[in-house]
Amino acid sequence: MTTLLAGHLLHVPRDPFAAGAAPAGAGALEAVQDGAIAVRDGRIVATGPAGDLRARFPDAPLEQTGGYMLPGLVDGHVHYPQLPVMGVMGLRLLDWLRRRTLPFETRYADADFARAQARTFLGALARNGTTSAMVFGAHQPDAMAAFFEEAAASGLRVTAGLTLGDRELPPALQLPPAEAVRASRELIARWHGRGRLRYAVTPRFAVATSDAMLAACGELLGSHQDLWFTTHLNETPDEIAYVRAAFPAARDYLDAYDRHGLIGPRSVLAHDVHPAERELARLGESRAVVCHCPGSNQFIGSGLFPMRRHLAHGVRLMLGSDVGGGPGFGMPGEARTAYQTQMLLGEEGAPLDAERLLWLLTAGGAAALGLSDQVGDLSPGKEADLVVLRPPAHGTLAARLQHAVDAEDALAALLALSSEADVARTLVAGETVWDARTAGAGEVAPPA
Ligand code: GUN
Ligand code: ZN
Numbered sequence: 014m015t016t017l018l019a020g021h022l023l024h025v026p027r028d029p030f031a032a033g034a035a036p037a038g039a040g041a042l043e044a045v046q047d048g049a050i051a052v053r054d055g056r057i058v059a060t061g062p063a064g065d066l067r068a069r070f071p072d073a074p075l076e077q078t079g080g081y082m083l084p085g086l087v088d089g090h091v092h093y094p095q096l097p098v099m100g101v102m103g104l105r106l107l108d109w110l111r112r113r114t115l116p117f118e119t120r121y122a123d124a125d126f127a128r129a130q131a132r133t134f135l136g137a138l139a140r141n142g143t144t145s146a147m148v149f150g151a152h153q154p155d156a157m158a159a160f161f162e163e164a165a166a167s168g169l170r171v172t173a174g175l176t177l178g179d180r181e182l183p184p185a186l187q188l189p190p191a192e193a194v195r196a197s198r199e200l201i202a203r204w205h206g207r208g209r210l211r212y213a214v215t216p217r218f219a220v221a222t223s224d225a226m227l228a229a230c231g232e233l234l235g236s237h238q239d240l241w242f243t244t245h246l247n248e249t250p251d252e253i254a255y256v257r258a259a260f261p262a263a264r265d266y267l268d269a270y271d272r273h274g275l276i277g278p279r280s281v282l283a284h285d286v287h288p289a290e291r292e293l294a295r296l297g298e299s300r301a302v303v304c305h306c307p308g309s310n311q312f313i314g315s316g317l318f319p320m321r322r323h324l325a326h327g328v329r330l331m332l333g334s335d336v337g338g339g340p341g342f343g344m345p346g347e348a349r350t351a352y353q354t355q356m357l358l359g360e361e362g363a364p365l366d367a368e369r370l371l372w373l374l375t376a377g378g379a380a381a382l383g384l385s386d387q388v389g390d391l392s393p394g395k396e397a398d399l400v401v402l403r404p405p406a407h408g409t410l411a412a413r414l415q416h417a418v419d420a421e422d423a424l425a426a427l428l429a430l431s432s433e434a435d436v437a438r439t440l441v442a443g444e445t446v447w448d449a450r451t452a453g454a455g456e457v458a459p460p461a
């Protein structure tokens with residue numbers, strides 16, 4: 014059966030960065046005011062003005078969403094165990110990890126707690142319009158088994174893996190390399206390629222992993238087809254100094270991973286705020302992805318991301334929330350902070366605009382995660398992953414949108430001003446995974 018969903022459509026099917034660093038206006042934004050999408054068996058079969066689709070599918074039920082319909086949002090780096098440490102103030106990365114985050118992550122040894130947190134976490138993605146994510150896992154195999162079960166039930170497109178470390182972590186979070194390989198293999202056999210789930214080999218960062226552990230990661234990656242790889246890279250100067258001392262044979266931080274065959278087109282490296290030129294050249298040549306997490310970089314004070322240098326080396330980019338280092342799950346908020354970061358860099362910043370930002374959150378993110386064949390824009394043939402943004406009628410964003418001069422201006426306002434409260438509905442392959450009208454809207458959680 015075909016159904017029609019109507020609203021204002023905004024999507025960016027073509028890469029606006031391909032036009033080079035022109036200040037604005039690559040002309041890649043495709044917008045249809047009073048548009049509609051025809052969906053059959055979870056796939057988009059037509060996209061266009063609502064009147065045209067109504068005539069083409071006269072018997073199809075039409076649902077008026079009353080909002081802006083965008084492709085489902087993609088979060089390239091978000092930590093499953095960290096929602097409860099969001100917004101912790103006064104600590105930079107290594108102290109934030111030692112004092113608050115790593116001690117909290119030991120609680121995922123309790124599998125019931127882990128499962129409940131997995132549900133809350135996946136719910137937070139859906140209610141923020143995120144439909145695809147590279148999720149950084151927990152250190153406990155049982156916590157990851159529970160996470161994958163909940164992720165399968167959520168319907169979301171999730172790539173994730175057991176987080177690995179064998180030093181500089183609380184003992185309860187460490188696994189020796191042989192154990193890490195055994196536990197990872199079990200999870201891979203059960204979950205990789207199942208439905209919308211995929212597995213990512215996930216060493217925490219070079220600080221927390223011995224050479225032997227990174228070699229074990231290389232062994233894992235080589236042993237299964239199409240596995241993903243994710244970790245952290247070049248986030249803060251003190252972390253980089255530690256890695257330099259701990260890996261004297263590596264040319265630089267990236268090389269600590271690269272020497273073990275961990276860097277390629279299915280590698281997603283979070284942050285890279287402080288890269289060397291050699292690392293940028295190698296990232297570009299290897300087709301690895303850098304996931305820029307601007308909210309986290311500002312909140313825990315890691316620095317201002319050199320996007321222009323990444324673009325100059327042809328490095329593939331996406332955006333991530335890095336919850337709980339980042340202060341929110343909302344990917345529009347990350348787009349806004351990415352914009353602000355590049356503005357603060359002045360002449361050295363990359364020129365960003367609404368269409369480039371939406372591309373990073375949707376088609377660009379999908380390309381980075383190898384999902385371009387399935388999702389990323391609203392073109393016929395794609396699976397119907399959508400977010401409906403419908404700001405409350407009497408709020409600031411609705412008042413601003415009334416004065417939008419064109420579609421790009423409306424999109425800029427949505428990216429700059431929208432929040433979780435504006436996400437009316439989220440769909441994956443045509444199925445609703447979040448609906449503000451029915452999913453516990455108005456419930457208030459009791460204080461802990
Ligand atoms: N590096 C190692 N672990 C983490 C983490 O949990 N968050 C961030 N932002 N960086 C890390
Ligand atoms: Zn992170």
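With positions in the sequence shown counted from 1, the corresponding number in my numbering is that position plus 13.
A virtual CB, placed ideally from N, CA and C, is assigned to each residue, including glycine.
Here the structure is a predicted model, which means the values were calculated and not measured.
So, for T15: in the same chain, excluding its five sequence neighbours on each side, which residues have a beta-carbon less than 6 Å away from its beta-carbon? As a first step, residue 15 is located in the sequence shown; it is residue number 2 there, counting from the start. Hits under 6 Å: A51, R53, F70 and A73.
Do you know how far the Cα of A127 is from the Cα of F160? Mapped onto the sequence shown, residue 160 falls at position 147. Mapped onto the sequence shown, residue 127 falls at position 114. Roughly 7 Å separates the two Cα atoms.
R27 vs A41 beta-carbon contact at 8 Å: Taking the sequence shown and counting its residues from 1, the one referred to as residue 27 is at position 14. Taking the sequence shown and counting its residues from 1, the one referred to as residue 41 is at position 28. Going by C-beta atoms, R27 is nearer than 8 Å to A41.
Please name the residue, chosen from E347, L358 and A131, that lies closest to L430 on a Cα-to-Cα basis. In the sequence shown, the residue the question calls residue 430 occupies position 417. The residue with the shortest Cα to Cα distance from L430 is E347.
N- and C-terminal bounds of the alpha helix (DSSP H) containing E181: Numbered from 1 along the sequence shown, position 168 holds the residue referred to as residue 181. For E181, there is no enclosing alpha helix (DSSP H), since its DSSP letter is neither H nor E.
Any chance you could list the residues with Cβ under 6 Å from a heavy atom of the ligand ZN, keeping chain order? H90, H92, F149, H245, A283, D335 and G338
Following the continuous alpha helix (DSSP H) through S197, name the residue where it begins and the one where it ends. One-based indexing of the sequence shown puts residue 197 at position 184. Secondary structure note for S197: its alpha helix (DSSP H) is the uninterrupted segment P190 to W204.
Between the Cα of L107 and the Cα atoms of Q187, A254 and P84, which residue gives the shortest distance? Here residue 107 refers to the residue found at position 94 of the sequence shown. The option with the nearest alpha carbon to L107 is A254.
Host beta strand (DSSP E) of Q77 (start-end): Position 64 of the sequence shown, counted from the start, is the residue given in the question as residue 77. Taken as a continuous stretch (DSSP letters only), the beta strand (DSSP E) holding Q77 covers L75 to P84.
Kindly examine the ligand GUN and report whether one of its heavy atoms sits closer than 7 Å to the Cβ of S280. Numbered from its first residue, the sequence shown carries residue 280 at position 267. Answer for S280: no, Cβ out of range of the ligand GUN.
Following a CB-centred definition, is L110 positioned closer than 7 Å to any heavy atom of the ligand GUN? The residue you call residue 110 lines up with position 97 of the sequence shown. For the ligand GUN, at least one heavy atom lies less than 7 Å from the Cβ of L110.
Pick from F318, A397 and M344: whose alpha carbon is nearest that of G363? Along the sequence shown, one-based indexing puts residue 363 at 350. Before going on, a small fix: residue 363 reads as Ala here, not Gly. Minimum Cα distance to A363 is reached at F318.
Give the range of the alpha helix (DSSP H) segment to which A397 is assigned. On the sequence shown, position 384 is the one that residue 397 refers to. Run containing A397: none; DSSP gives neither H nor E here.
Quick check: is any heavy atom of the ligand GUN less than 7 Å from the C-beta of S309? Working through the sequence shown from its first residue, we reach residue 309 at position 296. Yes; taking the cut-off as 7 Å, the Cβ of S309 has a heavy atom of the ligand GUN nearer than that.
Let me know if T409 comes out buried or exposed under the rule of 16 or more other beta-carbons within 10 Å of its beta-carbon. Here residue 409 corresponds to residue number 396 of the sequence shown, with the count starting at 1. Exposed.
Spatial neighbours of P62 within its chain, please: CB distance less than 7 Å, with the 5 preceding and 5 following residues excluded, ordered by chain position. For the purposes of this step, residue 62 is taken as the residue at position 49 of the sequence shown. The residues are V45, D47 and G48.
For R8, the three-state DSSP class (helix, strand or coil): The structure shown does not extend to residue 8, since the chain is modelled only from 14 through 461, so no value can be given for it.
Could you check whether the Cβ of T8 sits closer than 7 Å to any heavy atom belonging to the ligand GUN? The structure shown does not extend to residue 8, since the chain is modelled only from 14 through 461, so no value can be given for it.
Classification of E444 by the beta-carbon crowding that lies within 10 angstroms, buried from 16 upward: Here residue 444 refers to the residue found at position 431 when the sequence shown is read from its first residue. That one is exposed.
According to DSSP, residues forming a beta bridge with W462: Shown here, the chain extends from 14 to 461; a query on residue 462 therefore has no answer.
With a threshold of 7 Å (Cβ to nearest heavy atom), would T215 be considered close to the ligand GUN? As a position in the sequence shown, residue 215 is number 202, starting the count at 1. Proximity of the beta carbon of T215 to the ligand GUN is not indicated: no heavy atom of the ligand is located closer than 7 Å.
Grouping DSSP H, G and I as helix and E and B as strand, with all else coil, what is C230? For the purposes of this step, residue 230 is taken as the residue at position 217 of the sequence shown. Correct three-state label for C230: helix.
Any idea which residues DSSP pairs L531 with across the strands? What the structure shows of the chain is the stretch from 14 to 461, and residue 531 is not part of that stretch, so it cannot be assessed.
Please confirm whether any heavy atom of the ligand GUN lies closer than 7 Å to the CB of L106. Along the sequence shown, one-based indexing puts residue 106 at 93. Set against 7 Å, the gap from the CB of L106 to the closest heavy atom of the ligand GUN is smaller.
Assign A376 to one of two classes, buried (16 or more other C-beta atoms within 10 Å of its C-beta) or exposed (fewer than that). For this step, residue 376 is matched to residue 363 along the sequence shown. By the neighbour-count rule (16 or more Cβ atoms within 10 Å), A376 is buried.
Three-state secondary structure assigned by DSSP to I57: Here residue 57 refers to the residue found at position 44 when the sequence shown is read from its first residue. In this structure, I57 counts as strand in the three-state DSSP scheme.
With DSSP as the reference, label Q46 as helix, strand or coil. The residue labelled residue 46 in the question sits at position 33 within the sequence shown. Correct three-state label for Q46: strand.
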